Amino acid sequence: MSPPNTNDPHSPATHVAFQHALDAYNHGKGDVFQAIPLFEEAVSRYHLYMALVFPGDIFYSGNAKYTLKPDYALAFDTTPRQRSTVLCSVFSGSATATCSAMGFSRPTATCRKTERLLRAQQHYEQALHNTSQPIARLLCGLADLEYYKHQGDVRTQLHVIPLGIADCILARSHRDRAMEIYVDVAESMPHLKRPGFGLALAAQDPVERIAYVEEAADKADY
Numbered sequence: 002m003s004p005p006n007t008n009d010p011h012s013p014a015t016h017v018a019f020q021h022a023l024d025a026y027n028h029g030k031g032d033v034f035q036a037i038p039l040f041e042e043a044v045s046r047y048h049l050y051m052a053l054v055f056p057g058d059i060f061y062s063g064n065a066k067y068t069l070k071p072d073y074a075l076a077f078d079t080t081p082r083q084r085s086t087v088l089c090s091v092f093s094g095s096a097t098a099t100c101s102a103m104g105f106s107r108p109t110a111t112c113r114k115t116e117r118l119l120r121a122q123q124h125y126e127q128a129l130h131n132t133s134q135p136i137a138r139l140l141c142g143l144a145d146l147e148y149y150k151h152q153g154d155v156r157t158q159l160h161v162i163p164l165g166i167a168d169c170i171l172a173r174s175h176r177d178r179a180m181e182i183y184v185d186v187a188e189s190m191p192h193l194k195r196p197g198f199g200l201a202l203a204a205q206d207p208v209e210r211i212a213y214v215e216e217a218a219d220k221a222d223y
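For the sequence shown, my numbering begins at 2 and goes up steadily by one.
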C-alpha cells in the first residue's frame, strides 16, 4: 500500500494539520507563537496556501498579548468623522506568518514598522498568486473578516484582495500607488464602501478626504 500523499492540500492529513493550527491561533486570541509553525507546516508540507491568510494579525495588526502593537490605523485617523471601528481597523487583517515559505524569522516586538509592512505586502501577494479558493482571497484582503466570511458574492470575494495590498502601500506613504489600487477596486465594485475609505485615508486635501468619506458612507456594502 502506498503512503499517503502529504503534498495534497485536499487530503485528510492536511485538514487535520490546518485545523490544529486554527485551534492554536483561535482567532488571534490563542498562542500565536505556537500557531506560526503550524501554519508554516500547512504551507510548506501540504501546499495549503489558504494557511497564508489566517495569522496575519501577528505581523500586521499586532497582538497585545505578545506586545506586538503597531498603530498604523491611528496614524491615518485624521478627522473625527473617520474615528470609527471601520477606519480604525482598516489596516488590520491578514498578512500571514509563513516564515518558512518567505524566509522570515518569527516576529518580535522590536520588528521595524517598515519591515513588517513589507512582509505583509509580500504575504498578500504570495497568497494572491497561489490561491484559487474564493474564501482564501477574501480573507487575504479584508479587515472585517467576521462580516465577510458569510457573504455569498463570489465576485466580491475574488476582487477584494488588492485592498490589502493597497493598505500596505499606503502605510508606507506611497499614496499615489495606493490610490490607483483603491480607484481600480472602486470602479470594478461600485457598491463597496471600503475602497472609498481607503481613498479618504490616502487623500491629502481635507476637502477631498471628506468627500471620499461621504461618498463611501452612501455605498450599500462594506
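Cβ coordinates follow ideal geometry from the N, Cα and C atoms, glycine included. The model shown is predicted, which means the values in this text are computed figures rather than measured ones.
Quiz item: For A22, which residues from the same chain have a beta carbon less than 7 Å from its beta carbon, with the 5 sequence-adjacent residues on both sides left out?
Solution: Position 21 of the sequence shown, counted from the first residue, corresponds to residue 22. Once the five neighbours on either side are set aside, the close Cβ partners of A22 are A36, L39, F40, A43, A52.
Quiz item: Roughly how many angstroms lie between the CA atoms of P196 and V208, to the nearest whole one?
Solution: Translated into the one-based positions of the sequence shown, residue 196 becomes position 195. Translated into the one-based positions of the sequence shown, residue 208 becomes position 207. Those two C-alpha atoms are separated by around 17 Å.
Exercise. For A203, collect the residues of the same chain with a Cβ closer than 6 Å to its Cβ; drop the 5 residues on either side in sequence, then sort them by chain order.
Key: In the sequence shown, counting from the first residue as 1, residue 203 sits at position 202. Hits under 6 Å: L171, R176, A179, M180.
Exercise. Counting only the same chain and skipping the five closest in sequence on each side, list residues whose C-beta sits under 7 Å from that of A221.
Key: As a position in the sequence shown, residue 221 is number 220, starting the count at 1. So the qualifying residues of the chain are H192.
Quiz item: Does the distance from the C-beta atom of A201 to that of A187 stay below 8 Å?
Solution: Counting from one through the sequence shown, the residue named residue 201 turns up at place 200. Counting from one through the sequence shown, the residue named residue 187 turns up at place 186. It is not a contact, given that the beta carbons lie outside the stated cut-off.
Quiz item: Per DSSP, what kind of secondary structure is L39 in: helix, strand or coil?
Solution: Stepping through the sequence shown from its first residue, residue 39 is reached at position 38. In this structure, L39 counts as helix in the three-state DSSP scheme.
Quiz item: Which class does D222 belong to by DSSP, given the choice of helix, strand or coil?
Solution: The residue given as residue 222 occupies position 221 in the sequence shown. Reduced to three states, the DSSP call for D222 is strand.
Quiz prompt | Collapsed DSSP secondary structure at L202 in the structure displayed | solution = Looking up residue 202 in the sequence shown gives position 201. DSSP places L202 in helix when its eight states are reduced to three.
Quiz prompt | DSSP-derived helix/strand/coil call for L193 | solution = In the sequence shown, the residue the question calls residue 193 occupies position 192. It is a strand residue.
Quiz item: Using DSSP with H/G/I as helix, E/B as strand and the rest coil, what is S90?
Solution: Against the sequence shown, residue 90 aligns to sequence position 89. Low confidence applies to S90: its pLDDT is 28, below 50, so where it sits in the model is not reliable, and the reading given next is rough at best. Here S90 sits in coil by DSSP.
Practice problem: Going by CA-CA distance only, name the one from I182, H16, Q205, D168 that's closest to G47. | Solution: Taking the first residue of the sequence shown as 1, we reach residue 47 at position 46. For the record, residue 47 in the displayed sequence is Tyr; it is not Gly. Residue H16 is the option with its Cα nearest to Y47.
Exercise. Taking only the alpha-carbon atoms, compute the straight-line gap between I166 and V214 and give it to the nearest angstrom.
Key: Taking the first residue of the sequence shown as position 1, residue 166 is located at position 165. Taking the first residue of the sequence shown as position 1, residue 214 is located at position 213. Whole-angstrom Cα-Cα distance: 20 Å.
Quiz item: Does any C-beta atom of chain B lie closer than 8 Å to the C-beta of M180?
Solution: Note that chain B does not occur in the displayed structure, where there is just one protein chain.
Exercise. Grab the span of the alpha helix (DSSP H) containing L23 for me, first residue to last.
Key: Position 22 of the sequence shown, counting from 1, holds the residue named residue 23. Taken as a continuous stretch (DSSP letters only), the alpha helix (DSSP H) holding L23 covers 13-26.
Quiz item: What do you get for N27, buried or exposed, if any count of 16 or more other CB atoms within 10 angstroms of its CB means buried?
Solution: The sequence position of residue 27 within the sequence shown is 26, counting from 1. Answer is exposed; the Cβ neighbour count stays below 16.
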